[in-house]
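Numbering (our numbering), first residue to last: 350 to 700.
Take a look at the structure:
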């Protein structure tokens, strides 16, 4: 199958959850013999229209990542690809409308991979949701938001994030911390709730680590100092997946407190590594979906409740691998995209 990926930004522009998700899908399809072309803003040097990197073909739509210009030129770029299906990220939403305009002319269905919808006007996201032939969402929480934008229930498929469970099986344990928080430290990270819960437990024996970097790291470190727990909390910065897995296998408890999380992939890593996981419920986060009904997971609504759940976690044995989460291995998850493509293509009468 020939798939045209529409993503103005790639990991070569910036590393974000959505660009990394797109990269995983692109690599997976390419490694399994599908023809993949990524239509994006130029990120490579020189005056060439097309650039191949690590076996993936990238085609320039615009020289710079400008949403309006990208959307206006996208239909012409898609016409040259001759794809069986168009896969577009939902941000910027204008690229979805442009992809659908081209798809209607080319008789090519459009699958929209929906992550978040906070960067552009709601009207743009409403148009994107209604024009997609199928929307893929990473969680039920995001699926609900897409429905609120006007997409029908039958036109939304949940395909979660995935992990490489072989890392969990093979990695060594790094036992530097018993309690772990891991996320990009931006305005939605809410790492303060984790630190406040630790302060509630200052009379107990524990060590903690915060994994991640970002604009809020300095404020988080200052909060740890103000709470007088900085001697027991280590800020490890950004880690690779393999490094994170080692830390999680050595830990006993993982705490998730972020206020906005389309899919809590670091929490998934922690659960797969056997961590007892505590999730602070947030309206804008899907993290609760991963622990509901799980014996080694629980919900909390305040730092005090988080502290209570951490204390109770001592009743659980220490695990370094939970086979219940093997279903999230990339081998199992990413092939569901092919099922989505085949379904929408069949509806266009091509199969």
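Every residue, glycine too, gets a C-beta built ideally from N, C-alpha and C.
Source: prediction; values computed, not measured.
Cβ neighbours of residue i in the same chain (closer than 7 angstroms, five flanking residues each side left out)
i           : result
residue 700 : Unreliable positioning characterises residue 700 in this predicted model, as indicated by a pLDDT of 41, which lies under 50. The coordinate reading is nonetheless provided below. If we look at residue 700 and ignore the five residues flanking it on each side, its Cβ neighbours are 691 and 694.
residue 450 : 424
residue 360 : 368, 369 and 372
residue 587 : 561 and 562
residue 509 : 487, 488, 612, 677 and 682
residue 637 : 628, 630 and 648
6 angstroms Cβ shell around residue i - same chain, five flanking residues per side excluded
i           : result
residue 633 : 608 and 609
residue 566 : 534
residue 614 : 510
One or two residues paired with residue i in a DSSP bridge
i           : result
residue 527 : For residue 527, which the question treats as bridged, DSSP gives no partner whatsoever.
residue 407 : 387 and 400
residue 436 : 354 and 460
residue 465 : For residue 465, which the question treats as bridged, DSSP gives no partner whatsoever.
residue 557 : 528 and 582
residue 678 : 512
residue 507 : 486
Nonlocal neighbours in the same chain, by C-beta distance under 8 angstroms from residue i, ignoring five residues either side
i           : result
residue 581 : 547, 555, 556 and 557
residue 405 : 375, 376, 379, 385 and 387
residue 467 : 609
residue 416 : 357, 441, 443, 444 and 469
Rounded straight-line distance, which links the Cα of residue j to that of residue i
i           : j           : result
residue 536 : residue 569 : 11 angstroms
residue 664 : residue 553 : 15 angstroms
residue 523 : residue 600 : 8 angstroms
residue 341 : residue 479 : Because the chain spans 350 through 700 in this model, residue 341 falls outside it and cannot be assessed.
residue 591 : residue 420 : 37 angstroms
residue 538 : residue 626 : 17 angstroms
residue 572 : residue 544 : 8 angstroms
residue 408 : residue 686 : 22 angstroms
residue 363 : residue 414 : 11 angstroms
residue 401 : residue 576 : 51 angstroms
residue 394 : residue 365 : 22 angstroms
Quiz item: Taking one C-beta from the region 418-427 and one from the region 653-662 each time, how about it: are there three or more such pairs within less than 8 angstroms?
Solution: No: fewer than three Cβ pairs fall under 8 angstroms.
Quiz item: In chain order, which alpha helix (DSSP H) runs of at least 4 residues are fully inside the region 585-667?
Solution: Fully enclosed alpha helix (DSSP H) runs of 4 or longer: 590-599, 614-621, 637-640 and 652-661.
Quiz prompt | Sufficient close CB pairs (3 or more, under 8 angstroms) joining the region 587-598 to the region 641-658 | solution = At 8 angstroms Cβ cutoff, the stretches do not touch.
Quiz item: Touching or not, the region 466-476 and the region 378-397, by the rule of three or more beta carbon pairs under 8 angstroms?
Solution: Note that the region 466-476 does not touch the region 378-397; fewer than 3 beta-carbon pairs, one per stretch, sit closer than 8 angstroms.
Quiz prompt | Cβ contact (3+ pairs, closer than 8 angstroms) linking the region 433-441 and the region 352-359 | solution = Touching, per the Cβ criterion.
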